[in-house]
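Visitor: Dumping the structure here so I can ask a few things about it.
Number of protein chains: 2
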Amino acid sequence: MPNTTANKFDDWLDLYADRANTLSVSEVRALFAVVSRPEVVSLAGGMPYVHALPKDTIEKSFKKLMHDRGDLAIQYSGGQGDLTLRDQVRELMALEGIKSSVEDIVMTTGSQHGLDLISGLFLERGDVVLAEGPSYVGAIGIFRHYEAHVEHVETDNDGLQPEALEEAIKRLKAEGRKIKFLYLVPNFANPSGVTLAAKRRARIIELCRKNHILVLEDNPYGLLYFDKKVPNALRSMDDNVIYLGSFSKILAPGFRVGYVLCPPAIREKLVLAQESAILCPSAFSQMLISEYLAESDWQGQIETFRGVYRERRDAALDAMKEYLPKLSTTRPEGGFYLWITLPEGLDSKAMLPLAVKELVAYTPGTAFYGDGTGQNKLRICYSFPTPDNIKVGIKRLSNVINLQTELRDTFAKKGTKK
Amino acid sequence: MPNTTANKFDDWLDLYADRANTLSVSEVRALFAVVSRPEVVSLAGGMPYVHALPKDTIEKSFKKLMHDRGDLAIQYSGGQGDLTLRDQVRELMALEGIKSSVEDIVMTTGSQHGLDLISGLFLERGDVVLAEGPSYVGAIGIFRHYEAHVEHVETDNDGLQPEALEEAIKRLKAEGRKIKFLYLVPNFANPSGVTLAAKRRARIIELCRKNHILVLEDNPYGLLYFDKKVPNALRSMDDNVIYLGSFSKILAPGFRVGYVLCPPAIREKLVLAQESAILCPSAFSQMLISEYLAESDWQGQIETFRGVYRERRDAALDAMKEYLPKLSTTRPEGGFYLWITLPEGLDSKAMLPLAVKELVAYTPGTAFYGDGTGQNKLRICYSFPTPDNIKVGIKRLSNVINLQTELRDTFAKKGTKK
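Same order as they appear, the protein sequences are chains A and B. In terms of my numbering, the first sequence is residues 1 to 418. In terms of my numbering, the second sequence is residues 1001 to 1418.
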């Protein structure tokens, strides 16, 4: 009688909508309390290293904003977002080959809310969303909240496999399922760290076009490449792609400013959905970022971030080589993440409490699948801890993994004896 | 064939969820372009007079924040919101008799998003939401977006009528409808300006409790009383009331910071829904407001706002007396709005383009009903224009109304002749 207890504490249990039951504490969120303990090296998180952003740059932008347009910045504003900032976003996207009009850009409360609002416009209970396997935990959460089914498509070191995509579409269509989106993070993906190869992009676009599937291109990390620029955005090849961008990683997440570029008819509905949900995004945050882009060397700042994350990626890969040389890991050329495959038989979720006891945290692989798989995978985020701490963390992780591997072998031998 | 044209411009028409079709350009939003023309006196809007807030106060709070906690302010933060600010919100709500725990407060992107998230937790297609007649246009929009039916309950100068509420509940229950919420703005309501009498509050709480209906108390204006404090909040009488508050009117809306106080089990789901939708509310906006509350004379600032709005309310009522003495209007004792009844046979929506031609704007009454009624009502918002402009605006409005009344009489006479 699982409901009896719940009823005792929740008088309104009979009133919830079905979608309320899709919500559960994510494995990433549950780690927040752990992460904040100073003695734990957290390789979980996903936080940008905002310490590398000089606060006086923000202060300069703020002062100018308050002086020039203070009353506008603290007032209600338009539901589509600040026009000047949208024009600057247009230039930002042009760096990835995207041609766009300010008319088709909508500013949002982080790109997360852009994805939430777009999902609300399209997803009905039982619809299918195709996504990389593994995929961004926050996106899976949104799709589930709209009662959609997330179907993962196999991914390798060149990103999503077009053949696997084609097979999945064929199979799902044969089953009579309604596929609404292909959601993907093509550059330095969260959690895999891999980048979708240029030659695969056109093929994927073509497959989705042919099958009337909307492509959602989520690209928070694209500008954080270490050596080589990423291939042009999928959106640069097809105006029907819905493109999601964010200032959280190239500036700072605390402002909660992201953006969506989408076809005009969808954009019109998106603005209405946004007005319904929040009236308007924060004028203050948007205009502050707009001043920052206009007045400061934001490209130099991104270069600084690249240097910080490159050094940390190197520290992480070096430590992997030193302490866990037998494990396979992705080798990201930008972004925040390593994706690690554990020795067979190890379960990253079951192992997490042991790791925390060893004072290191990571995110278990199951967080990045909607279907319970990913047990022997884990994600390491190297963006926030110092290079030295990354090494300490991976050393600690190696202790846990090695012990678990020994235990597995011991039990396996015992098993053999029987 | 209305869909043929649409199809030409929207390749994805067959993919939308049903809820996408609940969205339409609201009568208030459509006025935005008009409002921005300087020669038009806008009595539409709903904007607080943020010019009365000294920008150097904000600047002082910002500087301190950046200096003391800059890296935290621009980082990701918790999904429930800043703990210090939640504690300050607790004190704010205590001014209205509310006893609460910081544990049960959730910070949101304006109270609008609080209402949106709560609605998402409970509303299924076809559910009923009871609301004042008239009710806040943004709330009606949210309820419709979740495909709920809004049933208006008659309201007079003492607010929602308990007898009408009882009758509506009985009738809807007899029809087998599922009533989830009673939504109300008990103080200086938008758009009516009226306040729910103290003696009615307990009766309404009792009726909802008896019928297992959640009460949503939306109170953005309560602290903006002109002379007399408002009665204690409904939430002070029943811990099951979901209370929505906002900094948009007592500080500024550009930060997009509001809050929800709700029962623990609902709060838990609300935090998860918020994390799904936006990961976390803006740390930057929240911490800036927290500094402002800690360091500045915020109660003195609210007193300043009261003075500004009192003077404007007086200007509006004086002008009504001078130019439109025969029309009935509510006499708000706080907040932003007058609710005006037009002479019989006049239609405020049809009249709006004529008013704009006369360089005055207002919001037609139909915006505040989900059922198409309210044609001979209109809302005047006196919060933003200067007292002189309010008088000019109402004078212009009287020209339009008087001309329309004459025309009506002329046609009526002609009609009689026939």
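Note that the Cβ used here is the ideal one computed from N, Cα and C, for glycine as well.
1. Confirm the yes/no value for this check: CB of A:C381, any heavy atom of the ligand NAD, distance under 8 angstroms.
2. Can you check which of these residues, A:H152, A:I266, A:S290, A:Q299, is closest to A:Y225 by C-alpha distance?
3. Could you say which of A:P54, A:I205, A:A198 lies nearest to A:V241 if we only look at CA atoms?
4. Short of 7 angstroms in beta carbon distance, which residues of its chain neighbour A:R313, apart from the five on each side in sequence? Order them along the chain.
5. What first and last residue would you give for the alpha helix (DSSP H) that runs through B:V1271?
6. In the structure shown, what three-state DSSP assignment does B:S1111 receive?
7. Among B:D1014, B:Q1080, B:L1015, whose alpha-carbon lies nearest the alpha-carbon of B:C1280?
8. List the residues of chain A whose Cβ lies closer than 7 angstroms to the Cβ of B:Y1016, in chain order.
9. Go to B:L1288, then tell me how far its alpha helix (DSSP H) extends in each direction, as first and last residue.
10. Which residues of chain A have a Cβ atom closer than 7 angstroms to the Cβ of B:I1266, listed in chain order?
11. Between B:A1197 and B:D1158, which are expected to be in contact by the criterion C-beta below 8 angstroms, what is the C-beta distance as a whole number of angstroms?
12. Is A:P387 helix, strand or coil when you go by DSSP?
13. Per DSSP, B:R1379 is paired with what?
14. Measuring only the C-alpha atoms, how far is A:L130 from B:G1374?
15. Would A:F122 and B:W1012 be called neighbours here (beta carbons separated by less than 9 angstroms)?
16. Flag B:N1240 as yes if its beta-carbon sits less than 9 angstroms from any beta-carbon of chain A, otherwise no.
17. Enumerate in chain order the residues of its own chain whose CB-to-CB distance from B:G1120 is below 7 angstroms, with the five nearest sequence positions on each side excluded.
18. Return the residue from the list A:L65, A:N190, A:E132, A:H212 that minimises the CA-CA distance to A:K170.
19. I'd like to know if B:K1059 contacts chain A, where contact means its C-beta is closer than 9 angstroms to some C-beta of that chain.
20. Counting only runs that start and end within the stretch 86-157 of chain A, where is the alpha helix (DSSP H) found for 4 or more residues in a row?
21. Is the stretch 1219-1239 of chain B touching the stretch 1176-1188 of chain B in the sense that three or more CB pairs, one from each, lie closer than 8 angstroms?
22. Could you tell me which whole alpha helix (DSSP H) segments of length 4 or greater appear in the stretch 50-89 of chain A?
23. What are the complete alpha helix (DSSP H) segments, minimum 4 residues, inside the stretch 157-186 of chain A?
24. Taking its Cβ as the centre, do 16 or more other Cβ atoms sit within 10 Å of B:A1350, making it buried, or is it exposed?
25. Could you name the residues of the same chain whose beta carbon sits closer than 7 angstroms to that of A:Y76, not counting the 5 residues immediately before and after it, in chain order?
26. Would you report the Cα separation of A:V400 and B:A1277, rounded to the nearest angstrom?
27. Which residues mark the beginning and the end of the alpha helix (DSSP H) in which B:Y1309 is found?
28. I'd like to know whether the C-beta of B:C1280 is nearer than 9 angstroms to at least one C-beta of chain A.
29. In terms of residues, what are the limits of the alpha helix (DSSP H) holding A:E217?
30. Name, in chain order, the residues that DSSP records as bridge partners for A:L261.
31. Do the CB positions of B:G1141 and B:G1258 come within less than 9 angstroms of each other?
32. Name the two residues that bound the continuous alpha helix (DSSP H) containing B:V1356.
33. Taking only beta carbons into account, state which residues of the stretch 100-122 of chain A come closer than 8 angstroms to chain D, listed in chain order.
34. Using only CA atoms, which one of B:L1261, B:E1291, B:H1149 lies nearest to B:G1126?
35. Taking C-beta pairs closer than 7 angstroms, name the residues in chain B that A:V50 reaches, listed in chain order.
36. With a Cβ-Cβ cutoff of 9 angstroms, do B:L1324 and B:S1398 count as a contact?
Guide: With the structure as the only source:
1. The ligand NAD is not part of this structure, which contains no ligands at all.
2. Counted from its first residue, the first sequence places residue 225 of chain A at position 225. The shortest Cα separation from A:Y225 among A:H152, A:I266, A:S290, A:Q299 belongs to A:Q299.
3. Position 241 of the first sequence, counting from 1, holds the residue named residue 241 of chain A. The candidate whose alpha carbon is nearest that of A:V241 is A:I205.
4. Numbered from 1 along the first sequence, position 313 holds the residue referred to as residue 313 of chain A. Cβ neighbours of A:R313 beyond the five flanking positions: F226, P332, Y382.
5. For the purposes of this step, residue 1271 of chain B is identified with residue 271 of the second sequence, where counting begins at 1. Start and end: 1264-1278.
6. Numbered from its first residue, the second sequence carries residue 1111 of chain B at position 111. Residue state, collapsed to three classes: helix.
7. Along the second sequence, read from residue 1 onward, the residue named residue 1280 of chain B stands at position 280. With distances taken between Cα atoms, B:C1280 lies closest to B:Q1080.
8. Counting from one through the second sequence, the residue named residue 1016 of chain B turns up at place 16. The contacting residues are L121, F122.
9. As a working note, residue 1288 of chain B is residue 288 in the second sequence. Its alpha helix (DSSP H) spans residues 1283-1295.
10. Your numbering for residue 1266 of chain B matches position 266 in the second sequence. Those are W12, listed as they occur along chain A.
11. Position 197 of the second sequence, counting from 1, holds the residue named residue 1197 of chain B. Position 158 of the second sequence, counting from 1, holds the residue named residue 1158 of chain B. With 8 angstroms as the limit, B:A1197 and B:D1158 qualify as a contact, their Cβ atoms being about 4 angstroms apart.
12. Numbered from 1 along the first sequence, position 387 holds the residue referred to as residue 387 of chain A. If DSSP states are grouped into helix, strand and coil, A:P387 belongs with the helices.
13. Mapped onto the second sequence, residue 1379 of chain B falls at position 379. Bridge partners of B:R1379: B:W1339, B:T1363.
14. As a first step, residue 130 of chain A must be located in the first sequence, where it is residue number 130. As a first step, residue 1374 of chain B must be located in the second sequence, where it is residue number 374. When rounded, the distance between both Cα atoms is 46 angstroms.
15. Taking the first sequence and counting its residues from 1, one reaches residue 122 of chain A at position 122. Taking the second sequence and counting its residues from 1, one reaches residue 1012 of chain B at position 12. Yes. Within cutoff.
16. By 1-based counting over the second sequence, the position of residue 1240 of chain B is 240. Yes, B:N1240 counts as interfacial toward chain A.
17. Looking up residue 1120 of chain B in the second sequence gives position 120. Excluding positions up to five away in sequence, the list reads Y1146, A1273.
18. Position 170 of the first sequence, counted from the start, is the residue given in the question as residue 170 of chain A. Residue A:H212 is the option with its Cα nearest to A:K170.
19. The sequence position of residue 1059 of chain B within the second sequence is 59, counting from 1. In the sequence on display, residue 1059 of chain B carries Glu and not Lys. So yes, B:E1059 belongs to the interface.
20. 110-122, 137-145
21. yes
22. 55-73
23. 162-174
24. To locate residue 1350 of chain B, count along the second sequence from 1; it is residue 350. Flag for B:A1350 reads exposed.
25. Counting from 1 along the first sequence, the entry for residue 76 of chain A is found at position 76. Here the set comprises L279, C280.
26. Here the question's residue 400 of chain A lines up with position 400 in the first sequence. Here the question's residue 1277 of chain B lines up with position 277 in the second sequence. Going by the C-alpha atoms only, they are around 35 angstroms apart.
27. Here residue 1309 of chain B corresponds to residue number 309 of the second sequence, with the count starting at 1. Its alpha helix (DSSP H) spans residues 1298-1323.
28. Looking up residue 1280 of chain B in the second sequence gives position 280. Chain A contact via Cβ: present.
29. Taking the first sequence and counting its residues from 1, the one referred to as residue 217 of chain A is at position 217. Careful: A:E217 lies outside any alpha helix (DSSP H), inside the beta strand (DSSP E) at 214-218.
30. Within the first sequence, residue 261 of chain A is the residue found at index 261, counting from 1. Beta-bridge pairing links A:L261 to A:I105, A:Y243.
31. As a first step, residue 1141 of chain B is located in the second sequence; it is residue number 141 there, counting from the start. As a first step, residue 1258 of chain B is located in the second sequence; it is residue number 258 there, counting from the start. Not in contact: B:G1141 and B:G1258 (Cβ atoms no closer than 9 angstroms).
32. Residue 1356 of chain B sits at position 356 when you count from the first residue of the second sequence. Element bounds for B:V1356: 1348-1357.
33. Here the protein chains are A and B, and chain D is not one of them.
34. As a working mapping, residue 1126 of chain B is identified with position 126 in the second sequence. Per the Cα distances, B:H1149.
35. Mapped onto the first sequence, residue 50 of chain A falls at position 50. Within 7 angstroms Cβ-Cβ: D1071, I1074, Q1075.
36. Mapped onto the second sequence, residue 1324 of chain B falls at position 324. Mapped onto the second sequence, residue 1398 of chain B falls at position 398. Yes, these two residues count as a Cβ contact at 9 angstroms.
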